[in-house]
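Encoded as structure tokens, the structure appears first; notes follow it.
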Amino acid sequence: MQYINTKASAQEAAISFRQATINGLAAEGGLYMPANIPQLDKEWLAHFAEHDDLDIAYTIMSALVGDSLSASALRRILQETLSFDLPVIHVRDNIHVLELFHGPTLAFKDVGARFMSRCLSEFRSSDTVYVLVATSGDTGSAVAHGFHGVAGVEVSILFPKGMVSPFQQYQMTSLGDNIQAIEVDGTFDDCQALVKQAFRDESLSDMSLSSANSINVARLLPQSLYYALAYKQMLLQNKQDKLVISVPSGNYGNITAGLILKHMGVPIHRFVAANNANDAVYRYLQSGQYAPQNTIATYSNAMDVGAPNNFVRIQHLYDHSYEAIRRDLSAHRYDDQATLEAMTRYYNEHDYLLDPHGSVGIMALEASLQPDEQGIFLATAHPSKFETAVKLAVPSFQMDSVDLTDCSKLEMAADYADFWEYLRGLG
Ligand SMILES: *Cc1c(COP(=O)(O)O)cnc(C)c1O
210 MQYINTKASA QEAAISFRQA TINGLAAEGG LYMPANIPQL DKEWLAHFAE HDDLDIAYTI
270 MSALVGDSLS ASALRRILQE TLSFDLPVIH VRDNIHVLEL FHGPTLAFKD VGARFMSRCL
330 SEFRSSDTVY VLVATSGDTG SAVAHGFHGV AGVEVSILFP KGMVSPFQQY QMTSLGDNIQ
390 AIEVDGTFDD CQALVKQAFR DESLSDMSLS SANSINVARL LPQSLYYALA YKQMLLQNKQ
450 DKLVISVPSG NYGNITAGLI LKHMGVPIHR FVAANNANDA VYRYLQSGQY APQNTIATYS
510 NAMDVGAPNN FVRIQHLYDH SYEAIRRDLS AHRYDDQATL EAMTRYYNEH DYLLDPHGSV
570 GIMALEASLQ PDEQGIFLAT AHPSKFETAV KLAVPSFQMD SVDLTDCSKL EMAADYADFW
630 EYLRGLG
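Numbered according to my numbering, the sequence shown terminates at residue 636, and the numbering increases by one at each position without gaps.
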């Protein structure tokens, strides 16, 4: 399996999964994609419900990883990665929830972060690898936990001041050791710009820099397993026909992994992108014009991305055809008020406590789902991570508060010169 740069003008040669993981970002700011989407065996697909979860994960990931990992290494990594439940639960009528928050940081990015950290540790040469990651909240927590204590990897996490929840901040700043959290006086897009500039900076080329954002193929691709394992659970209940999956989307890594899985042959009917006020893809699907915008802060802060990085991967997957994208993907957008209202409604009427991301996800599914379809929305984070919104929507719900006193972080302006100084101090 070879990986190519989505930016054709860069004329970068195709490389292995291993090299794409190490590089993170492709030349000229492009992203890596599989050169061809591998096709799953029809006979194997016909018996999908009979395969055990680890075999499903192995078959899918070995097709994507190729010979970059030995069979035994890949099996071991998958076993360590998928060590918690991913249940599909019936909510009402033809609506189900895939709960992705049973991992160590209570949000879906645990799977990608655990898979990637173990790949990097396998792939590195003797040098220390410096992982740089910009986060709007949950990536940072998942990467901090996924990489904590992994040998030869030093992690720097940049998060926007005042825009992550106390719980998320706790998870990024409480570990120490090889994990350094940096609070940037700016937005998520500022954090992302600092990281991108460091990757392009020739004066840092002696350091082995790597990313852990969803731009990295080793973070992005294992997320396809969520959809595969959800499909299996629906198959076991005979509800697999016309399966529609609604994905609360920010940087569009998770939904891209789902679309890739569909292209590999797993028969998911279509996808819905659930947007908050950061609605660049919603507007694209309405108009055919892609116009990224500045980030707007919302309660579903892990989706506060004005210019979604992975959108170019979706365009690449569909040969830049607007019509083809629209056949598989629709989008809906909701503001904070609607987000709180759906949280209240589902708690009162269906006894289900949503977090703000899941709330946007279920609304998009409700709006899109037809009576002859089965729907799943992804609950991407546990509600306890979003105290402010839960308190407003469901005041009767009791939650523990978070103590940040023993945590450590660096504070920094959104200024590349300062970030450069910091990086030079590392190695
Ligand atoms: C990261 C995240 C999202 C958005 O996922 P993308 O892959 O960036 O689209 C949604 N919800 C939660 C809780 C997240 O952490």
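Cβ coordinates follow ideal geometry from the N, Cα and C atoms, glycine included. Because the structure is a prediction, the values reported are computed rather than measured.
Would the segment 608 to 624 count as touching the segment 384 to 391 if we require 3 or more Cβ pairs under 8 Å?
yes
Other residues of its chain near Y639: CB distance less than 7 Å, five sequence neighbours each side excluded
Since the first residue of the chain shown is 210 and the last is 636, residue 639 is not available in this structure.
Measuring CA to CA, which of S530, R428, A623 is closest to K370?
A623
Quick check on the burial criterion: 16 or more other C-beta atoms within 10 angstroms. Buried or exposed for Q432?
buried
Is any heavy atom in ligand 1 found nearer than 6 Å to the beta carbon of P375?
no
N-terminal and C-terminal residue of the beta strand (DSSP E) that L587 is part of
583 to 588
Can you give the Cα-Cα distance for D294 and E596, rounded to whole angstroms?
23 Å
Reduced DSSP category for D399 - H, G, I as helix; E, B as strand; rest coil
helix
To which residues does DSSP link V342 through a beta bridge?
I366
Short Cβ contact (7 Å threshold) for S455 with V490:
no
Nearest-angstrom Cα distance between Q220 and C328?
26 Å
Among residues of its own chain, excluding the 5 on either side of W253, which ones have a beta-carbon nearer than 7 Å to its beta-carbon?
T268
Determine the DSSP secondary structure at D394, reduced to helix, strand or coil.
strand
Which residue comes first and which comes last in the alpha helix (DSSP H) that contains S568?
565 to 577
Beta-carbon separation of F332 and I213 under 7 Å?
no
Taking all protein chains shown into account, decide if I585 is buried (16 or more other Cβ within 10 angstroms of its Cβ) or exposed.
buried
Which residue comes first and which comes last in the alpha helix (DSSP H) that contains V320?
318 to 332
Taking one C-beta from the segment 288 to 305 and one from the segment 242 to 258 each time, how about it: are there three or more such pairs within less than 8 Å?
no
Closer than 6 Å: is that where the CB of Y461 sits relative to any heavy atom of ligand 1?
yes
Whole angstroms is fine: what's the gap from G355's alpha carbon to D560's?
32 Å
Which first and last residues belong to the alpha helix (DSSP H) in which Q432 is found?
No alpha helix (DSSP H) holds Q432; DSSP gives it neither H nor E.
Beta-bridge pairing of I454 - partner residues as DSSP gives them
F480, I585
Leaving out five residues on either side along the sequence, give the residues of the same chain with a beta carbon under 7 Å from the beta carbon of M608.
S593, E596, V599
So within the segment 464 to 524, which uninterrupted alpha helix (DSSP H) runs reach at least 4 residues, ignoring any that extend past its ends?
489 to 496
Assuming S225 and V340 make a contact with CB atoms under 8 Å, what is their CB distance in whole Å?
Between V340 and S225 the Cβ distance is about 19 Å, and since that is not below 8 Å, they are no contact.
F606 versus K441 - alpha carbon distance:
33 Å
Range covered by the alpha helix (DSSP H) that runs through E308
Unbroken run through E308 is the beta strand (DSSP E), 304 to 308; no alpha helix (DSSP H).
Measuring from the CB of A516, is there a heavy atom of ligand 1 at a distance below 6 Å?
no
Along the beta strand (DSSP E) that carries H299, what are the first and last residues, could you check?
297 to 301
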